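Asks: Could you have a look at this structure, given as structure tokens, before my questions?
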Amino acid sequence: MPLYSKTFQIPLTLQQFYHVAVLFLVLAIVVTAYRSLQHPVGAVHIQQLHDLAHQQEYPHTQSLALNLLRDYDYISYGQYLKVMHAQQDEQRQAKQLPALKFK
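Residue 190 in the numbering used here sits at position 61 of the sequence shown, with consecutive numbering throughout.
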């Protein structure tokens with residue numbers, strides 16, 4: 130005689146199944162994105178960080194790159210992308226200079 134005589138059933142509608150499937154896919158995408166941001170950068174990206182650390186045009190980007198190269202032995206893609214985002218912000222601000230006033 131089996132220990133459980135009734136079959137184990139979960140009353141799950143088709144709509145609930147779709148919600149669970151979508152939730153699982155979104156969770157898988159978020160976990161994959163997080164893990165990919167934790168991978169180390171390659172030699173090309175480290176060279177770009179060295180170039181940004183030695184340039185004078187964007188001081189905030191320069192300080193971020195210097196701190197990243199000095200303080201971290203392991204540089205992840207997330208940290209690298211923060212520096213690149215700072216450079217893009219500074220480039221955008223440099224193009225939006227205030228209008229000059231002529232007398």
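Using N, Cα and C, we set each Cβ at its ideal position, and we do this for glycine too. Bear in mind that the values here come from a model prediction, so they are computed numbers and not experimental data.
Candidates Val151, Tyr201 and Tyr209: which alpha carbon is nearest serine 165's?
Replies: Along the sequence shown, read from residue 1 onward, the residue named residue 165 stands at position 36. Of Val151, Tyr201 and Tyr209, the residue nearest in Cα terms is Tyr209.
Asks: Output yes or no for whether 9 Å exceeds the beta carbon distance between histidine 174 and tyrosine 206.
Replies: Within the sequence shown, the letter at position 45 stands for residue 174. Within the sequence shown, the letter at position 77 stands for residue 206. In contact: histidine 174 and tyrosine 206 (Cβ atoms closer than 9 Å).
Asks: Answer yes if the segment 152 to 164 comes into contact with the segment 185 to 199, meaning at least three C-beta pairs across the two stretches below 8 Å, and no otherwise.
Replies: These segments do not touch.
Asks: Where does the unbroken alpha helix (DSSP H) through proline 140 begin, and where does it stop?
Replies: In the sequence shown, counting from the first residue as 1, residue 140 sits at position 11. Careful: proline 140 lies outside any alpha helix (DSSP H) and carries neither H nor E.
Asks: Which one of Asp218, Val151, Tyr147 and Phe146 has the shortest CA to CA distance from proline 188?
Replies: Your numbering for residue 188 matches position 59 in the sequence shown. Closest by alpha carbon: Asp218.
Asks: Can you tell which of Tyr201, Leu181 and Gln185 has the C-alpha that lies nearest to the C-alpha of histidine 214?
Replies: Here residue 214 corresponds to residue number 85 of the sequence shown, with the count starting at 1. Comparing Cα positions, the closest option is Leu181.
Asks: Thinking just about the alpha-carbon of each residue, which of Gln177, Arg221, Lys211 and Leu156 is nearest to the one in glutamine 167?
Replies: Working through the sequence shown from its first residue, we reach residue 167 at position 38. Nearest option by C-alpha distance: Lys211.
Asks: For serine 205, write down the residues that DSSP places opposite it in a beta bridge.
Replies: In the sequence shown, the residue the question calls residue 205 occupies position 76. Serine 205 pairs with Pro169.
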